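So, in structure tokens, the structure goes:
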């Protein structure tokens, strides 16, 4: 018996010089961070204040840090792909085919699961409890566990660069290519287990935020007084709870095919690979809206604040959000129009796909009318929002085009499609998260981010975006398939060089983000927010100090109106009317989240490498851990003294 | 030093907070059950898609033993009933009776798992394992996922029995008992589906 499963020296990334360099950079960066913490003597503080915390704001910050780190990795992958395609006319370019396939798979997997998901969950974690006037989420410990499950999945993906290979099956992992017979190495297994582990964390997050929003709202905050970000968080949570099980089912079945020789999706043995597409996209399409709806919420907050006006058509925005949430479950088949369903089926899903553009259009008009006759301040978050509105409409138009099945037959699997979904997700999700990051940063850290570098980052991103993706619409129409490692059509190459230039601009945008953070930290005294309300905000999160105390509000506010803070400012409301300070019940910190994440990581690792004894051991550990956690009879809460309220 | 009054007030605050949290946990658990129900729904659909994909191997009619499935059903339905009795006993703070009914539930659950395990082993030995055909993959996965859930419920039952021994019928223990009960009844509902669509339909 081999104690290390299929792990051997062959696992080192010597198949491609670029992979070896990437692995080296990753290992050295990791070592440098560990060394830095060691030299500065930060271990105790890191462990006590951060790793074991259950404070939703700190968990949110760690989610966002994870997302930004993974954004760097995902961008590096994107840049390599653009460079390869710019060069590789009738030549091999810089990447061996197998490595190129790993890169486009890793890029998609990372950007969806380990950049966008942690980014949005992090922002929701930071903002939603504050916006509804809550002390914390409903289940603070579960919240920590969700974070560490997500981190475990991300760690598995990062590890795949150093040990073994990542999947070459695309971020959707379609069988039969992802079956053992076609791809016997570790790649697909890394993909399955990282996605599964992070997915369980996301399901728990969904449940947590559902219960939080339904039960922890401050007195007076009815559903129709909830800020729009909270509304999108609610709908997103419902989608998470109902959609992620489909991901669990499809990936587990794929794992069963690979590990136990089953025949769900194989070519032989009665397998039906079409069922994978159905199961995967029953999760996958709602996932698009899980990513986009919170960004819509952020844009709504930003537009209202920086136009100094209430949102136009608040109720229509709420109903549009809910409608999108429901419709998102009715369109999954448009992801495989060309796979042989009948014309009637395709027509039904095509119409559903066109219909979903309607509530989205309603939203765009609501944002435009919010700005109309407003006193618009062109801050960095506002620029991201404006850039989003213009760019997203273009992407939406190409989406309606693709929703016509006959057109889709011509366009599917071309880079036109790649351009389309980047056109939705880059402005529709990432721009929103970056707007939210710059908007709420002062709330969390007590100082604003530098505006100039924020704007530079925006302009580099938006120019880069158009340069990088508009040419792909053109090459797509010219017939260029996606995922091409090299090609022989010289007409595509000039456009691909333009796309490469776009990637350079986006790289500058990423660099500006890093500079912005560094500059802002250096100038933090000048950028200090002493009021708790640096933007003249409208909603409750700006009614408490920046950074807020661990219990969020010294006295839980009573809510009188939509845009409660704006209401209070207009009436010179005396906050002492909310009540006198009283002792507060706070959740205790716990290391259980970290241990759970660590066990899940070891389990995933063992499953990838067929180290069965370790898999069994870590699984027993996981079960024992949960049973042990059930045994805690002592309250997980303590009482802190009534805060002393300083009159302002 | 805290005065007696302060200590009392703090205790009352924690109590109130715990009650609020237990309620939230029950609601959260309902949402979890809904997401779990979706997992089963997709497994049922997959079974429906795969039921004819036998790849020349045995089909449902060939391997379904309705008598055995009927006994399994009786075990599980009875265990749901005894769990409800345990829940009632706990409500009335009747510790011995709670323990007794939970023990009966555990035994019935164990009996169910034994019969199911036996069925699986026989099938595998007869060359009708999950790797034989798409149909058998779907069969083992659907029935097995239910069985896995029952196993998890068994771990929960044993843990609860241990907790009652250590802590008595404390509020956290009762709250867990309530949620495990929801889980156990949920599994019963799922089994009715399995029995109908796999065993009854298969025996036709």
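Residue numbers (the working numbering), protein chains in the order written: chain P, 1 to 648; chain X, 1001 to 1204. Every residue gets a Cβ at the ideal spot worked out from N, C-alpha and C, and that includes glycine. Keep in mind that this is a model prediction, so the values were computed, not measured.
Q: Below 7 Å between beta carbons is the criterion; list the residues of the segment 267 to 292 of chain P that meet it against any residue of chain X, in chain order.
A: Only those residues of the segment 267 to 292 of chain P whose C-beta falls short of 7 Å from the nearest C-beta of chain X are listed: 269, 270, 271, 272, 275, 279.
Q) If you measure from the beta carbon of residue 242 (chain P) to each beta carbon in chain X, is any gap under 8 Å? A) With its beta carbon less than 8 Å from one in chain X, residue 242 (chain P) belongs to the interface.
(Q) For a contact defined as C-beta to C-beta under 7 Å, what are the partners of residue 138 (chain P) on chain X? (A) Neighbours of residue 138 (chain P) on chain X, chain order: 1024, 1028.
**Q.** Near-chain P residues of the segment 1042 to 1068 of chain X - C-beta to any C-beta below 7 Å
**A.** Result list: 1042, 1043, 1046, 1049, 1050, 1053, 1054, 1055.
(Q) So, for residue 1026 (chain X): in the same chain, excluding its five sequence neighbours on each side, which residues have a beta-carbon less than 7 Å away from its beta-carbon? (A) Its chain contains 1178, 1179 as the residues whose beta carbon lies nearer than 7 Å to that of residue 1026 (chain X), once the 5 sequence neighbours on both sides are disregarded; these appear in chain order.
Q: Express the C-alpha separation of residue 439 (chain P) and residue 652 (chain P) in angstroms, rounding to a whole number.
A: A query on residue 652 (chain P) cannot be resolved here, the shown segment of chain P reaching from 1 to 648 and no further.
Q) Helix, strand or coil: how does DSSP classify residue 404 (chain P) here? A) DSSP places residue 404 (chain P) in coil when its eight states are reduced to three.
Q: State the CB to CB distance for the pair residue 467 (chain P) and residue 505 (chain P), rounded to an integer number of angstroms; the pair is presumed to be in contact (CB under 8 Å).
A: Yes, they are in contact, since the Cβ atoms of residue 467 (chain P) and residue 505 (chain P) sit about 6 Å apart, within 8 Å.
Q. Using Cβ-Cβ distances below 9 Å, what residues of the segment 205 to 236 of chain P are close to chain X?
A. Under the 9 Å Cβ criterion, the segment 205 to 236 of chain P contributes 206, 207, 208, 210, 211, 212, 214, 215, 216.
Q) Going by DSSP, which residues form a beta bridge with residue 637 (chain P)? A) P:587, per the DSSP bridge assignment.
Q: Identify each residue in the segment 93 to 127 of chain P for which the Cβ-Cβ distance to at least one residue of chain X is less than 8 Å, and report them in chain order.
A: Nothing from the segment 93 to 127 of chain P brings a Cβ to less than 8 Å from some Cβ of chain X.
**Q.** CB contact check: residue 20 (chain P) to chain X, cutoff 8 Å
**A.** Judged by the 8 Å Cβ criterion, residue 20 (chain P) is not in contact with chain X.
Q: Can you grab the Cα-Cα spacing for the pair residue 579 (chain P) / residue 545 (chain P), in whole Å?
A: So the alpha carbons of these two residues sit roughly 17 Å apart.
**Q.** Residue of X:1067, X:1164, X:1197 minimising C-alpha distance to residue 630 (chain P)
**A.** For the options X:1067, X:1164, X:1197, the alpha carbon positioned closest to that of residue 630 (chain P) is the one of X:1164.
Q. Does the count of Cβ pairs from the segment 326 to 339 of chain P and the segment 283 to 292 of chain P closer than 8 Å reach three?
A. Flag = yes, the segment 326 to 339 of chain P and the segment 283 to 292 of chain P touch.
Q: Spell out whether any CB of chain X is found under 8 Å from the CB atom of residue 517 (chain P).
A: Chain X contact via Cβ: absent.
Q) Can residue 1035 (chain X) and residue 242 (chain P) be called in contact, C-beta distance under 8 Å? A) Here residue 1035 (chain X) is near residue 242 (chain P), since their CB atoms are less than 8 Å apart.
Q) Does the beta-carbon of residue 620 (chain P) have 16 or more other beta-carbons within 10 angstroms, so that it is buried, or is it exposed? A) Exposed, because fewer than 16 other Cβ atoms sit within 10 Å of the Cβ of residue 620 (chain P).
(Q) I need the straight-line Cα distance from residue 16 (chain P) to residue 76 (chain P), nearest angstrom please. (A) The alpha-carbon atoms of residue 16 (chain P) and residue 76 (chain P) are separated by roughly 16 Å.
Q: Provide the residue span of the alpha helix (DSSP H) that contains residue 447 (chain P), from first to last.
A: Element bounds for residue 447 (chain P): n/a, residue is neither H nor E.
Q: Return helix, strand or coil for residue 481 (chain P), following the three-state DSSP convention.
A: Strand, per DSSP.
(Q) Can you look up residue 414 (chain P) in the DSSP assignment and give me helix, strand or coil? (A) In the three-state reduction of the DSSP assignment, residue 414 (chain P) falls in the strand class.
Q: May I ask you to report which of helix, strand or coil DSSP gives residue 524 (chain P)?
A: Of the three classes helix, strand and coil, the one that applies to residue 524 (chain P) here is coil, per DSSP.
Q. What are the start and end residues of each continuous beta strand (DSSP E) run of 3 or more residues lying completely inside the segment 568 to 627 of chain P, in chain order?
A. Taken in chain order, the unbroken stretches of beta strand (DSSP E) that lie wholly in the segment 568 to 627 of chain P and span 3 residues or more are 584 to 587.
(Q) At 4 residues or longer, what runs of the alpha helix (DSSP H) sit wholly inside the segment 294 to 338 of chain P? (A) Scanning the segment 294 to 338 of chain P from its first residue to its last, the whole alpha helix (DSSP H) runs of 4-plus residues come out as 314 to 327.
Q: Taking residue 405 (chain P) as the reference, give the member of P:22, P:120, P:347, P:83 with the closest Cα.
A: When only C-alpha atoms are compared, the closest one is P:347.
Q: Would you identify the three-state DSSP class for residue 1102 (chain X), choosing helix, strand or coil?
A: The DSSP-derived three-state label of residue 1102 (chain X) is helix.
Q) Whose C-beta lies closer than 6 Å to the C-beta of residue 653 (chain P) among residues of the same chain, with five residues either side of it excluded? A) Given a span of 1 to 648 for chain P in the structure shown, any question on residue 653 (chain P) remains unanswerable.
Q. Is the CB-CB distance between residue 1170 (chain X) and residue 1022 (chain X) below 8 Å?
A. No, they are not a contact pair.
Q) Using a Cβ-Cβ distance under 8 Å, would residue 387 (chain P) count as near chain X? A) It does not: the Cβ of residue 387 (chain P) has no partner Cβ on chain X nearer than 8 Å.
Q) Which stretch, first to last residue, makes up the alpha helix (DSSP H) that contains residue 250 (chain P)? A) Segment 228 to 260, the alpha helix (DSSP H) holding residue 250 (chain P).
(Q) Is it the case that the segment 203 to 214 of chain P contacts the segment 132 to 146 of chain P, given that we only count it when at least three CB pairs across the two stretches are under 8 Å? (A) Taking a cut-off of 8 Å on C-beta distances, the segment 132 to 146 of chain P touches the segment 203 to 214 of chain P, as three or more cross pairs fall below it.
Q.
Buried or exposed, going by whether 16 or more other CB atoms sit within 10 Å of the CB of residue 42 (chain P)?
A. By the neighbour-count criterion, in which 16 or more other beta carbons inside 10 Å mark a residue as buried, residue 42 (chain P) falls on the exposed side.
Q: List the DSSP bridge partners of residue 89 (chain P).
A: Residue 89 (chain P) pairs with P:487.
Q) Hey, is residue 261 (chain P)'s beta-carbon within less than 8 Å of any beta-carbon in chain X? A) With 8 Å as the cut-off, residue 261 (chain P) counts as an interface residue toward chain X.
Q. Sorted by chain position, which residues of the same chain lie with C-beta nearer than 7 Å to residue 62 (chain P)'s C-beta, five sequence neighbours on each side aside?
A. Taking C-beta separations shorter than 7 Å and ignoring five residues to either side along the sequence, the partners of residue 62 (chain P) in its chain run 50, 147, following chain order.
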